[in-house]
Every structure is written in structure tokens, then in C-alpha cells.
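Peer 1: Converting from the sequence shown to my numbering requires adding 2 to each position, the first position being numbered 1. Attaching a single structure in C-alpha cells format; questions to follow.
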Amino acid sequence: MQTGLIAILGLASLFIGWILTFILPTLSYVAWGIIALGAVLIILALVFNYRQVGRAIASRRGRFSTGATIMVSVFIGIILLVNAISYANHQQWDVTGLSQYVLTSQTKEVLTNLDQEVEVIKFFTPDDPTGGATYATILLDKYEIYTDKLNVKTIDPDVHPEKFREYEGLQDYYDFYYYLYGWLEIPAQSIVFVGDYGQRIIMVNINFETFVAEAEHDFTSVILEVTGQVQKAAYFVTGHGEVDISDTSPAGYSLANDSLRDNLYKTRSINLLTEGTVPDDASVLIIAAPQTPLSSAEIDIIEEYLERDRRLMVLANPASPESFEQLLQPWGVKIEQGFIWESGTSYLASIGRDCPRVSAMLHVMLFPNLYFPGTTSISRPLEGYVPGLVGSEEEEDLEPIWINEEYGKIIRISPLVTTSEDSWLENSGTMTEPQLDEDVDTEGPLVIALLIESVRIEPSGEDLVAVPDGPSLVVIGDSDFATNKHIQNDNNGYFFLNLIGYLTTGTELISMDRKVLQYRPLVIGPEAKTFITISSIGLVPLLLLVAGVIVWWRRR
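Printed below as a string of C-alpha cells:
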């Protein structure tokens, strides 16, 4: 009787401890202690009643039961061992084409290098009709895999309103949210990130698709902000019909914008006349295909920005506004007005001969192919500049530089992309089957994109070398290669991001980890739909029934 009671208490302890590991994970040590106590009680019950246990095991039924118990125990032991190994060596693999279920490498790097504690408070109510709170919780669980610096907790604002009021500005967010969406009777959910450099609030939007698309970028950006790390910022000039970074049409830049944000850039549109200056946090200023000229005041703002040793990218097109000439003339380059045509095979056949396709041999980043639909050439008149050479003459490692005493500039110009020898710049204006006119047109190879760097001359042993010092510019004769229609084709997206990466960091390798998730429907016919419906409802139960009948028949 006593041994039976001990065994029952042991089983009860095992069950209670197992339940506690799930419902109270913070008391895991207590739960494992109760489980250990249960195991000890069961062993004691077996020891105290060893004769009866021995007789039971020695019987025919006991031998079968013992064998089954051993097999089950071995199976459970293997499962526990595999889980213990996987828990200690946690890895995730995502075999989807767009790697949409794992964190980007940039987020992993931020979390791995995190050296400050960040408190994350989820103000979630139990009701989650949109699924946003659930998705946020799953995403934060992934974040905790890569760092132990996140302290995540959940508070119900209805149950603990005093906790809710502790965080400045949170009530204002809720009031504004209710003003916008209160009529939908959907509870507002929010997450507060608190670090050494302040707090930030993220609202879990009622639009689930929008929240999912932006959540990782927003979470990682906020972690950078509250820990005092500065994000690189890309500003796109507006006000002259430039390509819009929020435009999702084929002619827009929304995919380029998403790619920058996935690489943890802050992106923003800026009207120079309204702002009056380029903000100090701008890592790069981008002018993408303006349709009307920039005013003299705007040119002055850009020049003042460059005088602060900053970075500029100009994406032009044939027949660009003449204001570009005023902006680029001090740097010795000019955007031509005609179209580049190819007479050989180096063009994209699906578009036409006015779409040069550039192989790895003709650009500096060595991607297999790039293409530029409707591009012009960037020439180097270098008015007011005189040439110079630096480097080692003995080692035949001389580098050309250009000196302009009027502007006080020493620059180095590096072609980034060139066309084939079979190309030419059509200057006659015709767009229907043009032919090369050597008297009017400019023969290839032609420069599509180039880098201009301000340099200083320093001694290096007995030689002189050019060291980057000051502003840098990238000028490209085409803006369409980075539009939504073309950026994901060939290697155009990688080229665009590498240019931004080089301008803002001086390095070349920056990858586009994540692409915008595409809508890929499964199209099936009526017969396939009927088969899927019937098989999902009846096939599995039918297979189980057949297997059961076979087993019964063999043991009958």
C-alpha cells in the first residue's frame, strides 16, 4: 500500500513538473526539481517492492511489457537526445526562393554585435483579430536567438494601465490610433523599445500585410536608434518630376527603396527649396531623372552639401535638363543628350538596340550582365582642368589625376560602365533605325557611368599617391535600369546597391538579401481541385483504415 502511494506520488510529480515547464517557463528550475523528485519516488517504489516487480517482469506478460517499455524508453531517449543537441546548436534554414522566413544577414549582424541591454515591452491585449501581435511575437522570438541583450515581456494594458502610463507618448499614440481606426473596434497593439538612448514606439498596424512587410526593418532600425547607432540615410530629391520611391508602378522606384531599407538604410524624399539644406544625417543625395530644371538656388544647396565632403548620385536620361550642366561642369563631366545604340550583339533583344547590355568585362563590379534601357553617355570635357600623374613610374603604375586651380579641385575620374566598340551615340535625334554617321555621331566605346572623387596628393616613399579626400559623385546616363520594371533583371539591383554602398561606406560588397515578396498563385483546374478536396478529406483516413484492416487480418 505504501509503495503504491509512493509510485502514485512519483507519477503525479512527473506530470506536475512537465506541466510547469510549459505554463511557467520562468520557473524551469522548480519544474525540473519536481520532475527529479517524481523520478526518485518511482525508483524508491520499485526498490521497496522489488520481489513483486521481479515476478511481474519474469512472467510471460511481463517480458512482453518490459520489452515494449524498453523500446518506448529508447525511442523517447533518442528524441530527447536529438532535441537537446538541436537546442544547443540552434540553426535555421530557409529553402524558399526569397528567404522570406529567416532574418536578413544585416539584422543578424546587428543583433550579434549588440552590446547594450534593450527592453522590449509588448502592450498586447489577448484579442488579436489581425494577427499582427502574433507575428510580432514570432519575429521577436527569432531576434532572441541571436542575442541575449533583448529583455522581452508582455503586458496587457487593460489589466495593468499603470504600466501603460509609465511610457511617455504611448497614450498619444493610442489616442491617434483610436481617432483613425476606433470605429473598426479593433484593439490597438504597440511595442515599446527602451535603450540607453531613449525609447521608440511601434504600432502593430491593422493592415497585416503592411506590418509584415515592414516589421523586421522597423524593429532593427529602432534597436539601432535606442542603442545610439547611426543608420545611413539616402535622400531622394523631389519637386521636378523625379522618379518616386513610393511609386509601385513599373516606372517607379519602390523596389529600389525596399532594397535600401532591407539593407538598413533610412530613405526619404526631400524638396530642396522647402528644406533649404540637405540634412546632416544624409549619407548620400540621389537625383533620379528630373523632368524640369533645378533652380540656381537648388544647385547652390547641392554644392554647399558637397562642400561638406558628402556623396551625390545623379541618374540622368537622354535629353536631361540643362541644369545638370551647371551642377556637373565644375567636376569636369557632362551628360550628353543623345541615345546610345548598339550595332553588334551587345544589347537586350527584347527591348531593342537602344538598350546596351554590358558584360562583366565592361564594368568594374564584374557581375555577369547589366543592361541600361534608353541610356546616354557621360563625357569628360574637363574644362579648366590640367592632367597630372601620380604613382610609381618605375613599376609602371601611374594614375591620371586632374587639377583645376580655379575651383581648387584635384579629382580622379574612374569609368564604371562602358559600352562595346560597336556602339555609338546618336546625335541626330532620329529614333527609327538610326545609322552611324561619323560626322555627327560619337563612336564607342562610350562611358555610361563614372565615379568622380576629390583627392589629395600625399608622398609615399619616393612617389606621390592620390588619396580620397572630400566629396564623391557617381553619374549615370540612365535612370530606368533601377526602376521596378528592370531592377530585378540581370544584376541591375546588385549594381545599384553596390554603388550606394561604395559611396556611403567605401566598400563594394553589399548584398540584396531580400526581394519584395511576389504574388505567386497556384493555378489548378477543376479536376485537380476536386482531387485535392476529396483526398485531403478522405484519403488519409482511408489509408489508416486499410492499414488497420491489414494488421487485424494478420493477427486474427
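Glycine residues also receive a C-beta, built at the ideal position from the N, C-alpha and C atoms. None of the values given here were measured: they were computed from a predicted structure.
Which whole-angstrom value is the C-beta distance of G254 and D264, which I expect to be below 8 Å?
Peer 2: Actually they are not in contact, since the Cβ atoms of G254 and D264 sit about 17 Å apart, beyond 8 Å.
Peer 1: Since P402 contacts P383 with CB under 8 Å, what's their CB separation in whole angstroms?
Peer 2: Between P383 and P402 the Cβ distance is about 15 Å, and since that is not below 8 Å, they are no contact.
Peer 1: Which term fits S67, buried or exposed, when burial requires 16 or more other beta carbons within 10 angstroms of its beta carbon?
Peer 2: A residue is called buried once 16 or more other Cβ atoms fall within 10 Å of its Cβ, and S67, having fewer, is exposed.
Peer 1: Mapping the DSSP letters down to three states, classify I489 as helix, strand or coil.
Peer 2: The answer is coil: DSSP assigns I489 none of H, G, I, E or B.
Peer 1: Going by alpha carbons, who is nearest to R359 out of N273, P447, S325, I288?
Peer 2: P447 is the residue among N273, P447, S325, I288 whose C-alpha sits nearest the C-alpha of R359.
Peer 1: For the candidate residues I450, A468, L372, whose alpha-carbon lies nearest to that of Q490?
Peer 2: L372
Peer 1: Taking Cβ to Cβ, would you say T240 is nearer than 8 Å to S271?
Peer 2: Cβ distance < 8 Å, so T240 and S271 count as in contact.
Peer 1: Rounded to whole angstroms, what's the CA-CA distance from T276 to I303? Just pull it up for me.
Peer 2: 11 Å
Peer 1: Taking DSSP's pairing of strands, which residues face A235 in a bridge?
Peer 2: K268, A284
Peer 1: Enumerate in chain order the residues of its own chain whose CB-to-CB distance from S513 is below 6 Å, with the five nearest sequence positions on each side excluded.
Peer 2: For S513, the predicted structure reports a pLDDT of 38, less than 50, and the residue's modelled location is therefore unreliable. A value from the coordinates is still provided. So the list is empty, once near-sequence residues are dropped.
Peer 1: Helix, strand or coil for S248 per DSSP?
Peer 2: coil
Peer 1: Taking all protein chains shown into account, do 16 or more other C-beta atoms lie within 10 angstroms of the C-beta of G503, making it buried, or fewer, making it exposed?
Peer 2: buried
Peer 1: Just to confirm my understanding: we take D160, look at its own chain, exclude 5 residues before and 5 after, and list those with CB closer than 7 Å. What are they?
Peer 2: T127
Peer 1: Does L546 come out as helix, strand or coil in the three-state DSSP assignment?
Peer 2: helix
Peer 1: Please list the terminal residues of the continuous beta strand (DSSP E) segment that includes L400.
Peer 2: Unbroken beta strand (DSSP E) run through L400: 399-406.
Peer 1: For V42, is the classification buried or exposed, using 16 other Cβ atoms within 10 angstroms of its Cβ as the cut-off for buried?
Peer 2: exposed
Peer 1: Taking the straight line between their C-alpha atoms, what separation do you get for F497 and Y169?
Peer 2: 43 Å
Peer 1: Exposed or buried, which one is V542 when buried takes at least 16 other CB atoms within 10 Å?
Peer 2: Classification of V542: exposed, given that the 10 Å Cβ count is below 16.
Peer 1: Could you compute how far the alpha carbon of P375 sits from the alpha carbon of S261?
Peer 2: 21 Å
Peer 1: Would you mind stating whether A291 and A258 have Cβ atoms separated by less than 8 Å?
Peer 2: no
Peer 1: Determine the extent of the beta strand (DSSP E) in which P417 is found, giving its start and end residues.
Peer 2: 411-420
Peer 1: Rank D129, L438, K124 by C-alpha distance to the C-alpha of A138 and give the top, closest one.
Peer 2: Closest by alpha carbon: K124.
Peer 1: Run the CB neighbour count on V553, radius 10 Å, all protein chains shown included, and call it buried at 16 or more, exposed below.
Peer 2: exposed
Peer 1: Restricting to runs no shorter than 4 residues, where is the alpha helix (DSSP H) found entirely within the stretch 333-390?
Peer 2: none
Peer 1: Which of helix, strand or coil does DSSP assign to E119?
Peer 2: In the structure shown, E119 sits in coil (DSSP, three-state: anything other than H, G, I, E or B).
Peer 1: If I measure Cβ to Cβ from Q339 and keep anything under 8 Å in the same chain, skipping five residues before and after, which residues do I get?
Peer 2: Taken in chain order, the residues that qualify are P320, A321, S322, T378, N429.
Peer 1: Considering F166, what are the terminal residues of the beta strand (DSSP E) in which it resides?
Peer 2: From DSSP, F166 is part of no beta strand (DSSP E) but of the alpha helix (DSSP H) over 163-166.
Peer 1: Using the Cα positions of G278 and W95, report the straight-line distance between them to the nearest angstrom.
Peer 2: 48 Å
Peer 1: Can you find the residues in the same chain that come closer than 7 Å, C-beta to C-beta, to E121, ignoring five residues on each side of it along the sequence?
Peer 2: N153, V196
Peer 1: Report all residues from its chain with a CB closer than 7 Å to the CB of S325; omit the five preceding and five following residues, and keep chain order.
Peer 2: P295, L296, I301
Peer 1: Which first and last residues belong to the beta strand (DSSP E) in which T535 is found?
Peer 2: First-last for T535: 528-536, but that is the alpha helix (DSSP H), not the beta strand (DSSP E).
Peer 1: Taking DSSP as the reference, what is the three-state secondary structure of S298?
Peer 2: For S298, the secondary structure class from DSSP, reduced to helix, strand or coil, is helix.
Peer 1: Suppose you measure from the CA of L141 to the CA of M205; what does that come to, to the nearest Å?
Peer 2: 15 Å
Peer 1: Would you give the residue range spanned by the beta strand (DSSP E) that N153 belongs to?
Peer 2: Per DSSP, the unbroken beta strand (DSSP E) holding N153 starts and ends at 152-157.
Peer 1: When DSSP builds the beta bridges, which residues end up paired with Y191?
Peer 2: A quick correction: the sequence has Gln, not Tyr, at residue 191. Q191 is bridged to V206.
Peer 1: Count the other CB atoms, across all protein chains shown, that sit within 10 Å of the CB of V469; report buried if there are 16 or more and exposed otherwise.
Peer 2: exposed
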